[in-house]
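To start, the structure itself, in structure tokens.
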Amino acid sequence: MTRIKDALDAVAAAIIAQKDYLTDLDRQIADGDHGINMTRGFQAAMDAVEEMDDTTKPGPVLETIGRAFIHNVGGAAGPLYGTGFIKAAAVCDEDTKLNVASFEKLLGAAIAGIEKRGHAKKGDKTMLDALIPIHACFLPENAEGKTLFEVLQDASHAAKEGVDYTKTIAARRGRASLVGERSIGHEDPGAVSSMLMYRALYNFLRK
């Protein structure tokens, strides 16, 4: 796993560039602070990783990113994304490489942490509606016979399908659940930020 810090910078840049878009999405069904919070989180994460002596190992970097989100971001994004990064960090080991198996393991751990922390599941109109379809692409039954980049591309399409799905359902978790059926027709901001993060990583890895 190489260029970890550069990958973080690429993902952060993508989120920061869409700050106003994410905030506008959130304003339609919730507090209107998702873009602001995600920008704050990634800025804090980049600052924290910049201070690390060694950024060649994914575990410590992911742990640092997670803690930066938890300590600096309010709302749901900080605790949920922070937990996801920290849980992914916990399953990193010497076998963690740029391959399908490592993606599957890290995403699976992150999703399990987010589900537990947020008491949410697929279909609740949350970030999980993008993350779970992304993860599914890396499962052995779906990735068999494919190259890493074919699976990465499949997951990019799955992320968009997950975001589109959130427009068809009512929110059952978070602030958006307070507007109930009126949230139908709107994309979930967390699902969108998850898609943007994944696609930024995918585009970085394609270089």
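Be aware that the sequence shown starts at 0, since it is given in numbering that gives the first Met the number 0, and climbs by one per residue.
C-beta: ideal position from N, C-alpha, C; glycine also.
C-alpha distance - residue i paired with residue j, whole-angstrom precision
i	j	result
I64	R39	12 Å
V48	L61	9 Å
A43	G107	25 Å
I3	L204	10 Å
M37	E140	33 Å
A11	G83	16 Å
A6	G81	17 Å
Y20	C136	27 Å
I85	G112	9 Å
I183	D25	13 Å
P59	A199	21 Å
E50	S155	31 Å
G161	N71	28 Å
L97	E114	25 Å
D92	K206	25 Å
D153	G122	20 Å
Cut-off 7 Å between Cβ atoms - residues of its own chain near residue i, not counting five sequence neighbours on either side
i	result
I35	K18 and T22
A16	none
T165	K124, D128, E186, D187 and A190
P78	I69 and R116
S101	T95
K104	V90
I14	M37, T38, F41, S192, L195 and M196
G73	N36
D207	Outside the displayed range of the chain (0 to 206) lies residue 207, so it cannot be described from this structure.
Beta-carbon separation (whole angstroms), residue i vs residue j, contact threshold 8 Å
i	j	result
A157	P132	4 Å
H134	A76	Rounded, the Cβ-Cβ distance is 19 Å, inconsistent with contact.
M194	K159	6 Å
Y201	L138	About 17 Å separates the two Cβ atoms, so there is no contact after all.
V99	A142	5 Å
Own chain partners of residue i with C-beta closer than 8 Å, once the 5 adjacent residues on each side are dropped
i	result
I110	G83, L127, L130, I131 and H134
M45	L7, D8 and A11
Residues near residue i in its chain [Cβ-Cβ closer than 6 Å; skip 5 each side]
i	result
A87	L61, L105, A108 and A109
T167	none
L177	Bear in mind that a pLDDT of 49 at L177, under 50, signals an unreliable position, so the model cannot answer this.
Task: Touch test, the segment 44-57 against the segment 19-29, Cβ-Cβ under 8 Å, three pairs minimum - done: no
Task: Cβ contact check for the segment 139-148 and the segment 108-118: 3 or more pairs under 8 Å - done: no
Task: Runs of alpha helix (DSSP H) wholly within the segment 31-93 (minimum 4 residues, chain order) - done: 33-49, 57-71 and 76-89
Open item on the list: Going residue by residue through the segment 103-157, where are the continuous alpha helix (DSSP H) segments of at least 4 residues, counting only ones entirely within it?
Closed with: 127-136 and 139-142
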